[in-house]
Every structure is written in structure tokens, then in C-alpha cells.
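Student: Below is the structure I would like to discuss, written out as C-alpha cells.
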Amino acid sequence: MTVPVKILKSVCALDCPDACALEIRVEGERVTGLAGAADHPVTRGFACVKTARYPERQEQADRLLMPLRRVGRKGEGRFEEVDWETALDGIAARLRGILADHGPQSVLPYHYGGTMGILEGESPRAFFRALGALELDQTICATTGSAAWEANYGPWKIGTDPETLVHARAIVLWGINALRSHSHLAPFLTEARRRGARILHIDPYRNETSRFADEHWQIRVGTDAALALAIGGALAARGHIDRDYLAACASGVEEYLEACAAWPLERAADVCGLDAAAVSSMVDWFGGSESPFIQVGYGMTRNESGGNALRAITLLPALVGAWRRQGGGACLSTSGAFRLARERVTAAHRIAPGTRRVNMVRLASELEPGVSPIRALFVFNSNPAAVAPDSARVRAGLAREDLFTVVLEHFQTDTADYADWLLPATTFLEHADVYTSYGHYHLQYADPVVPPRGQARSNRWFFARLAERLGLDEPSLFLDTPRLVEELLSSGHPWLAGITPERLMREKSVRLALPEPFLPYAEGSHFPDGKIRFSPVPQQLEFEERCSADYPLRLISPPGAVVVNTTMGNVPSIIRQAGGEPHVIVHPADAARAGVAGAGRVRITSASGSIVRRAVESEDAREGVVVAVGQWWPKLAPDRKSLNDLTNERLTDLGAGSTFGNVVVRISPA
Ligand SMILES: Nc1nc2c(c(=O)[nH]1)N[C@H]1C(S)=C(S)[C@@H](COP(=O)(O)OP(=O)(O)OC[C@H]3O[C@@H](n4cnc5c(=O)[nH]c(N)nc54)[C@H](O)[C@@H]3O)O[C@H]1N2
Ligand SMILES: Nc1nc2c(c(=O)[nH]1)N[C@H]1C(S)=C(S)[C@@H](COP(=O)(O)OP(=O)(O)OC[C@H]3O[C@@H](n4cnc5c(=O)[nH]c(N)nc54)[C@H](O)[C@@H]3O)O[C@H]1N2
Ligand SMILES: [Mo]
Numbered sequence: 012m013t014v015p016v017k018i019l020k021s022v023c024a025l026d027c028p029d030a031c032a033l034e035i036r037v038e039g040e041r042v043t044g045l046a047g048a049a050d051h052p053v054t055r056g057f058a059c060v061k062t063a064r065y066p067e068r069q070e071q072a073d074r075l076l077m078p079l080r081r082v083g084r085k086g087e088g089r090f091e092e093v094d095w096e097t098a099l100d101g102i103a104a105r106l107r108g109i110l111a112d113h114g115p116q117s118v119l120p121y122h123y124g125g126t127m128g129i130l131e132g133e134s135p136r137a138f139f140r141a142l143g144a145l146e147l148d149q150t151i152c153a154t155t156g157s158a159a160w161e162a163n164y165g166p167w168k169i170g171t172d173p174e175t176l177v178h179a180r181a182i183v184l185w186g187i188n189a190l191r192s193h194s195h196l197a198p199f200l201t202e203a204r205r206r207g208a209r210i211l212h213i214d215p216y217r218n219e220t221s222r223f224a225d226e227h228w229q230i231r232v233g234t235d236a237a238l239a240l241a242i243g244g245a246l247a248a249r250g251h252i253d254r255d256y257l258a259a260c261a262s263g264v265e266e267y268l269e270a271c272a273a274w275p276l277e278r279a280a281d282v283c284g285l286d287a288a289a290v291s292s293m294v295d296w297f298g299g300s301e302s303p304f305i306q307v308g309y310g311m312t313r314n315e316s317g318g319n320a321l322r323a324i325t326l327l328p329a330l331v332g333a334w335r336r337q338g339g340g341a342c343l344s345t346s347g348a349f350r351l352a353r354e355r356v357t358a359a360h361r362i363a364p365g366t367r368r369v370n371m372v373r374l375a376s377e378l379e380p381g382v383s384p385i386r387a388l389f390v391f392n393s394n395p396a397a398v399a400p401d402s403a404r405v406r407a408g409l410a411r412e413d414l415f416t417v418v419l420e421h422f423q424t425d426t427a428d429y430a431d432w433l434l435p436a437t438t439f440l441e442h443a444d445v446y447t448s449y450g451h452y453h454l455q456y457a458d459p460v461v462p463p464r465g466q467a468r469s470n471r472w473f474f475a476r477l478a479e480r481l482g483l484d485e486p487s488l489f490l491d492t493p494r495l496v497e498e499l500l501s502s503g504h505p506w507l508a509g510i511t512p513e514r515l516m517r518e519k520s521v522r523l524a525l526p527e528p529f530l531p532y533a534e535g536s537h538f539p540d541g542k543i544r545f546s547p548v549p550q551q552l553e554f555e556e557r558c559s560a561d562y563p564l565r566l567i568s569p570p571g572a573v574v575v576n577t578t579m580g581n582v583p584s585i586i587r588q589a590g591g592e593p594h595v596i597v598h599p600a601d602a603a604r605a606g607v608a609g610a611g612r613v614r615i616t617s618a619s620g621s622i623v624r625r626a627v628e629s630e631d632a633r634e635g636v637v638v639a640v641g642q643w644w645p646k647l648a649p650d651r652k653s654l655n656d657l658t659n660e661r662l663t664d665l666g667a668g669s670t671f672g673n674v675v676v677r678i679s680p681a
């Protein structure tokens with residue numbers, strides 16, 4: 012008998028700016044293929060290397076299919092299968108006890124970017140708010156960039172429409188490996204180049220984007236603000252700035268230009284480790300272009316000066332009036348254009364006065380044995396035992412017998428090993444959701460394309476059933492999908508005009524009703540006075556965490572090519588493609604100095620911990636910089652340790668964000 016084959020529409024839920032429209036091949040109830048939707052203006056018919064492997068992940072034999080109850084020691088990862096009634100009753104009973112003994116401020120939800128879907132990603136917040144639990148500040152990735160952007164341009168992160176980049180003529184990819192982490196930008200960049208654009212990449216890690224670009228500057232980590240201030244000063248000195256635009260649309264420019272004077276090009280080039288002549292000619296190229304454009308990434312903000320750096324860089328297009336022209340300007344994120352009424356599905360009004368906020372970067376300290384007031388932890392859409400800073404201490408906290416931990420997952424991750432209850436979650440192919448994007452302006456909706464495997468259930472289903480058992484009365488927890496979509500679309504914002512729930516659920520992808528042409532800052536900022544803020548002037552900050560004789564190298568950890576954070580990290584074909592084990596790139600001169608030239612595996616040590624990794628010697632890493640490529644499941648690494656055993660809880664200059672790119676280390680023979 013032949014099994015019927017269907018091609019069904021979906022949306023990639025992985026944490027990536029591209030939020031691709033997908034076509035999923037389904038045979039019976041199995042997912043057997045996946046392609047990028049040809050009719051989506053940004054996806055354009057191709058899926059990236061990671062998403063292309065999702066069918067394998069979806070059908071993998073080790074997917075969690077039944078609720079599990081811990082039988083071993085904490086962290087040992089031994090469980091027994093139970094049914095959902097038993098799991099829900101058991102969790103409700105223990106939680107009631109914790110609430111009675113310690114109150115709701117002993118309960119912490121921990122969740123991040125497992126899915127970009129709003130219903131599965133954000134709506135569970137309503138459960139915790141109805142309970143009166145701790146509020147999680149989601150600082151691990153984007154708050155430094157957000158705070159920096161919004162300090163310049165006012166509320167809501169938006170930027171140049173990527174679909175208009177074909178009109179840009181001077182393109183700077185600054186601190187972003189766009190070909191890897193935002194790969195659907197590539198066709199627009201290629202077309203812009205065909206029409207005459209040049210592309211400059213600024214990154215301490217020479218990667219596929221450097222090779223794609225016309226020019227690459229291998230800048231010293233964390234010195235971008237100095238470079239941007241120097242460029243700003245030179246643009247002014249050479250008459251490239253748009254005085255009319257600045258007079259009408261900006262404030263603090265005089266103060267800014269005075270500060271730039273402290274950064275002559277030669278001084279900046281020296282601090283940044285760049286060629287002064289190249290920087291000088293860039294100033295005329297960028298300043299003389301009709302439509303200069305800068306794409307920035309979050310990766311370069313993950314250090315002590317990251318917020319100031321992002322501010323300094325993204326003021327440059329304003330200085331030359333680039334926002335007035337199609338394709339000109341800058342982009343960090345497009346996410347602020349999606350003016351959904353998220354507060355109505357997350358019960359924002361129920362955050363009680365006096366609720367304590369927990370910075371997720373500080374999870375290790377928050378769970379500290381002996382002192383932590385946290386007694387119950389719910390983890391979903393995240394893998395903190397691997398991705399949170401100072402992860403050995405995170406795992407010590409997770410190992411506490413007095414911490415009740417519930418994990419909702421697809422697989423038995425390192426975090427899942429520490430669960431008291433490990434619950435099988437649905438994938439984006441098995442549940443409905445609404446998707447915004449941080450790299451384009453199309454709102455999307457996806458229905459499930461297959462039924463859940465085994466007993467997998469959605470996050471939403473789980474929290475609604477638990478809420479019933481606890482007698483929580485928050486109505487949004489019990490709404491069905493069409494009603495939640497209706498709530499989300501009910502903000503009345505003009506950019507959602509004409510997008511009804513029926514239309515979104517029928518058409519699946521709908522472009523926001525943005526003005527045409529979309530020139531978001533052509534008339535100034537979104538502050539009440541409409542001015543783009545050059546003051547307080549961004550500064551090049553000195554790092555407190557300095558290289559020393561003990562720790563002479565700086566470690567950065569940009570995204571891997573074939574994984575997304577740790578998602579996909581247990582897919583066999585992905586592990587093969589990633590080289591079988593995690594690696595770091597070390598400059599040959601650094602390897603020689605450390606006595607590890609040709610060593611294969613090396614030990615990497617920071618003040619927080621020590622791990623062993625395969626070393627690849629290459630000038631793709633700037634001298635003085637160790638590049639750890641991508642995250643890995645700790646238990647699948649040769650020493651079963653996390654890259655984040657090396658990182659720490661230090662916060663950034665703006666937005667209280669993570670400093671994964673800040674750590675100083677040494678390497679030595681393994
Ligand atoms: N393939 C893949 N794609 C991903 C992800 C993934 O894990 N894998 N992760 C997703 C997620 S969660 C996010 S937040 C985004 C992240 O993506 P972004 O941060 O937007 O972009 P990245 O590609 O990480 O670019 C960061 C680049 O900055 C460089 N960098 C580090 N420090 C500095 C510095 O001080 N100055 C300068 N100029 N450059 C610096 C790094 O070497 C890296 O190449 O990507 C998403 N996309
Ligand atoms: N050293 C270092 N550490 C970093 C970074 C770095 O650059 N360097 N980057 C940081 C960044 S940018 C980010 S965004 C974070 C990412 O950290 P996380 O957001 O924790 O991302 P993942 O590690 O991919 O873990 C997501 C988990 O969610 C699960 N999941 C996916 N979909 C669903 C679902 O629908 N329901 C449930 N219940 N689970 C689901 C996946 O199986 C996966 O195990 O890591 C940070 N950590
Ligand atoms: Mo991220």
C-alpha cells in the first residue's frame with residue numbers, strides 16, 4: 012500500500028533572524044522532507060544547512076515520547092515512564108507544598124529561544140504571573156543590543172528593510188557573520204553587489220562572510236566604539252555629514268563631534284589593530300555613497316563595551332543622512348515592527364507589585380546551594396546547563412536536592428538530566444504558532460503538519476492543565492489558538508491594518524502594513540522629541556577583565572555553522588558535519604607561544620573553569636583571540652564539559668546582558 016504524501020506549509024521556529032517559510036513533506040504521519048518556500052520574498056526557496064536537517068531531528072529515535080519521573084540521583088539522568096495524569100498530579104502536589112512553605116516568589120520560570128513562536132514561547136508567562144512567581148529578565152542574548160539601539164533611536168528596534176538592500180551601495184557587515192547566522196540576507200547582498208555595491212566585513216574572526224565580502228578588517232575584540240568614533244570624526248572633518256538632516260532630526264551632535272576628536276584615525280587604527288590607510292579610504296567610500304548601510308549583529312555586543320560599541324556604530328548612518336534613502340541606514344533587528352498585543356497572551360497586568368526580577372545571566376548565583384531562595388524551577392525552550400554563563404556552577408545549583416525542577420524538552424539534554432520531572436514537548440511541526448522575525452517584516456502563522464509523536468504535548472497544553480489543578484483563574488491560559496491569534500492582533504496598531512486572524516491563518520505569511528517606502532528614521536527618532544540621540548556620547552570603555560600573563564588570550568564564541576545554540580546538537584548528521592567534536596580556532600603564533608602547536612586537543616582555562624577542546628590552528632582567529640565555534644551538548648563533548656564553564660556572570664555596559672565574548676583564557680597542553 013502506498014502512503015499518501017502531502018506538502019504542508021510551516022515556519023522555521025529556530026532562533027534565527029530569517030524565520031523562514033517552509034514546505035514540509037509528510038508521508039503518513041512522518042516528516043520526510045523540508046524545503047524553503049519558493050513564494051516567500053525572504054526565504055526564496057532555500058532552507059539553511061541546519062533547518063534542512065530538522066526532519067532527521069523530528070523523527071530521531073531518542074525523542075522524548077513519554078512523561079518521565081526521576082528515579083536516580085539528581086543529575087544522573089535516570090527516569091521511569093509515567094502517564095500524564097500521574098505527572099501532572101505529582102507536579103501539582105509538590106508545587107502546592109512549595110507554595111505553602113516558601114510562597115510563589117520561590118518559583119522561577121527559565122525559558123529562552125528554543126522556539127521563536129509566541130504561543131509556545133511567551134504565553135506560558137501567563138501561568139507564572141497568575142501564580143505570582145519570580146519574573147525572568149531575558150538578558151542572555153539581545154538586551155544589550157536593544158538598549159543600545161533604543162538609546163539612539165527611541166523605543167522599538169526597527170531598521171532598514173532587508174528587501175531594499177539591493178539599493179545600498181556601501182555595505183558594512185559589522186560584527187555579524189551574516190552568511191551563517193542570517194543567511195537569507197545573502198541574495199540581497201549579492202544583488203546589491205551586482206548593481207555596484209561594495210561590501211566590508213569587520214570581525215575578529217575571519218569566516219565565510221569575510222570571504223564573501225570585498226574587504227575584511229580583523230578588528231581587535233571590543234574596540235569597535237573607538238573605530239566608530241574615529242570614523243564619525245573623519246566623516247565630519249571631510250564634509251560628509253548631512254547637516255540639514257542632523258539639525259532637524261538629531262540632538263547632541265556637537266558634543267558627539269567633540270568626543271570624536273579624541274579618536275584620530277591613526278589612534279583608533281592602532282587600538283583596533285587595523286590599517287590606518289584602509290580606515291581612511293573607508294571614510295570617503297562610506298561618506299561619499301548615495302546609500303550607505305550597516306548591518307550589525309548581537310555577537311559583538313557580548314562584552315563590557317558592547318552597548319557603547321553598538322551605539323557608536325549605528326549612529327554613523329544618521330551622521331551622513333543615510334536614513335533618508337532607500338537601502339541606506341542600519342539594521343540590528345526588525346522585531347520592533349511587530350506591534351502585537353503580547354501583553355494580552357502573557358498576562359502582563361498580573362505581575363504583582365514587589366515581584367522580584369531575576370536576570371537569567373545570573374542563574375548560577377540564583378541557584379547557589381545553601382543560599383538560594385528558589386525552590387522550584389520550570390525550564391522550557393532552553394538548555395541552561397549548557398548555554399548559561401558559569402555553567403559548572405549552574406549545574407551545581409541544578410543538582411540541589413531542595414530544588415524541584417520540571418523540564419519540558421524534545422530530548423534528554425544536559426539540563427534534562429537534572430529534572431525531577433522530564434516532560435515530552437511538541438516540536439514546531441506538531442503545534443500551531445505565530446511567528447514574528449528579527450530579520451524581516453513578514454508576520455507568519457503555522458498549523459501543525461503532523462500529530463505529536465508519542466505522548467508529546469505543547470508547552471501551552473501543559474501549563475493549562477497544571478493551572479487547572481492549581482485553581483488558577485487566568486483566562487488567557489485556556490484560550491484556543493484562533494482566540495489567542497485574535498488577542499495578539501488586537502493592538503489596533505496601523506502596521507497590523509488589514510491583518511485579521513482569518514487572513515493570517517489562511518495566508519500563513521503576511522507582510523506588515525508598513526508605509527511605502529519604509530524609511531523608519533527619515534524624519535528622526537521615535538523619542539517624544541523626534542531626535543536621534545548622539546548624547547550621552549558613546550565611549551570606548553576599558554575592560555575590567557583584562558588579559559594578563561595568566562590569561563593572555565580573549566575567548567569569543569560565535570554561532571556554529573550547522574547548529575543553532577545547542578538545538579540540533581544531538582543530530583547525528585549535524586555532529587558529523589561539525590567535525591565530530593567541538594573545536595576552537597587558535598592563531599598559529601598563539602599556539603606556538605602556548606606550546607601547543609600541532610597538539611590536537613588543548614586545555615583552555617579561565618578564572619571560572621577549564622575544558623579540553625580540539626584546536627585548529629588558523630589565522631582565521633585574530634592573534635590574541637581564541638574562537639570557539641558554536642555550542643555543543645556538554646555531555647557529547649570529549650570532556651563532558653560546557654564551553655560556558657569558562658564564562659562568567661559579568662554584565663554588559665547597557666541592558667544588563669551577557670558577556671560571552673569578554674572572557675580571558677590561557678591554553679596549554681591537554
Ligand atoms: N548558524 C547559526 N545561526 C544562528 C545561531 C547559531 O547558533 N548558529 N544563533 C542565533 C542566535 S541565538 C543569535 S543571537 C544570532 C547571533 O547572531 P549575531 O550576533 O547577530 O551574529 P553572529 O553571526 O554571531 O556575529 C557575531 C560576529 O561578531 C564577531 N565578534 C565577536 N566579538 C566582536 C567584537 O568585539 N567586534 C566585532 N566587530 N565583531 C565581534 C564574532 O566573531 C561573530 O562572527 O544568530 C542566530 N543564528
Ligand atoms: N558561550 C556562549 N554561550 C552562549 C552564547 C554564545 O554566543 N556563547 N549565545 C547565547 C545566546 S545568543 C542565546 S540566544 C542562548 C540560547 O540558549 P537557549 O535559548 O537555551 O537555546 P538552545 O541551547 O538551543 O536550547 C533550546 C532548547 O529548547 C528546546 N525546544 C525547542 N523548541 C521547543 C518547544 O517548542 N518546547 C519546548 N519545551 N522545548 C523546545 C530545544 O530542544 C533545546 O534543547 O545561548 C547563549 N549562550
Ligand atoms: Mo541569541
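In this note's numbering, the protein residues as written are 12 to 681.
Every residue, glycine too, gets a C-beta built ideally from N, C-alpha and C.
These numbers come from a predicted model, not from an experiment.
(1) Considering just the uninterrupted stretch of the alpha helix (DSSP H) at C283, what are its terminal residues?
(2) Between which two residues does the alpha helix (DSSP H) holding Y164 run?
(3) Check whether the segment 24-38 touches the segment 126-134, counting contact only when three or more Cβ pairs, one atom from each stretch, lie closer than 8 angstroms.
(4) Taking 6 angstroms as the limit between beta carbons, can you name the residues of its chain near F297, skipping five residues before and five after?
(5) Hey, quick one: how far does the alpha helix (DSSP H) through P514 stretch, first residue to last?
(6) Please name the residue, chosen from E420, W228 and A32, that lies closest to S292 on a Cα-to-Cα basis.
(7) I need the DSSP call for E379, collapsed to helix, strand or coil.
(8) Under 7 angstroms from any heavy atom of ligand 5, does the C-beta of Y449 make it?
(9) Evaluate P539 with the Cβ neighbour count: other Cβ atoms within 10 Å of its Cβ, from every protein chain shown; 16 or more gives buried, anything less gives exposed.
(10) Pop quiz: L409 and L378 are said to be a contact at Cβ under 8 angstroms. What is the actual Cβ separation, rounded to whole angstroms?
(11) What are the boundary residues of the beta strand (DSSP E) that Q455 is part of?
(12) Enumerated in chain order, which unbroken segments of the alpha helix (DSSP H) with a length of 4 residues or greater are wholly contained in the segment 252-277?
(13) State yes or no: is the C-beta of Y309 nearer than 7 angstroms to some heavy atom of ligand 3?
(14) Please state the DSSP three-state secondary structure of R36.
(15) Does ligand 3 have even one heavy atom less than 7 angstroms from the beta-carbon of G580?
(16) Output the residue ranges of the alpha helix (DSSP H) runs that lie fully inside the segment 590-660 and measure 4 residues or longer, sorted by chain position.
(17) For E301, collect the residues of the same chain with a Cβ closer than 7 angstroms to its Cβ; drop the 5 residues on either side in sequence, then sort them by chain order.
(18) Applying the 10 Å Cβ sphere with the 16-neighbour rule, what's the burial state of A430?
(19) Comparing the CB of D29 with every heavy atom of ligand 3, is any distance shorter than 7 angstroms?
(20) Determine whether the beta carbon atoms of D561 and R677 lie at a separation below 8 angstroms.
(21) Leaving out five residues before and five after S619 in sequence, what residues of the same chain have Cβ atoms less than 7 angstroms from its Cβ?
(22) Considering only the beta carbon of each residue, do P395 and H193 sit closer than 8 angstroms?
(23) Between Y65 and the rest of its own chain, which residues show a CB-CB distance below 7 angstroms, the 5 nearest in sequence each way excluded?
(24) Using 8 angstroms as the limit for Cβ to Cβ distance, is G132 near chain B?
(25) Assign Q71 to one of three DSSP states: helix, strand, or coil.
(26) According to DSSP, is R436 helix, strand or coil?
(27) What does a CB cutoff of less than 6 angstroms around T62 pick up in its chain, not counting 5 residues either side in sequence?
(28) Quick check on DSSP: helix, strand or coil for L388?
(29) Do you know how far the Cα of V37 is from the Cα of N392?
(30) Sort out for me which residues DSSP pairs C27 with in a bridge.
(31) Nearest to E497 by CA position, among N319, E354, A280 and Y216, is which residue?
(32) For A239, which residues from the same chain have a beta carbon less than 8 angstroms from its beta carbon, with the 5 sequence-adjacent residues on both sides left out?
Tutor: In short:
(1) L276 to C283
(2) T154 to Y164
(3) yes
(4) A181 and P303
(5) The amino acid occupying residue 514 in the given sequence is Arg; Pro does not appear at that position. Note, R514: alpha helix (DSSP H), P512 to E518.
(6) W228
(7) coil
(8) The model on display carries ligand 1, ligand 2 and ligand 3 but not ligand 5.
(9) exposed
(10) 7 angstroms
(11) H453 to A457
(12) 254-260 and 264-271
(13) yes
(14) strand
(15) no
(16) 599-604
(17) R180 and R336
(18) buried
(19) no
(20) yes
(21) D401, D656, L657, T658 and N659
(22) no
(23) L45
(24) The question asks about chain B, but that chain is absent: this structure has only one protein chain.
(25) coil
(26) It should be noted that the sequence gives Ala, not Arg, for residue 436. Correct three-state label for A436: strand.
(27) C23
(28) strand
(29) 25 angstroms
(30) DSSP lists no partner for C27.
(31) E354
(32) A320, A323, I324, L326, L327 and P549
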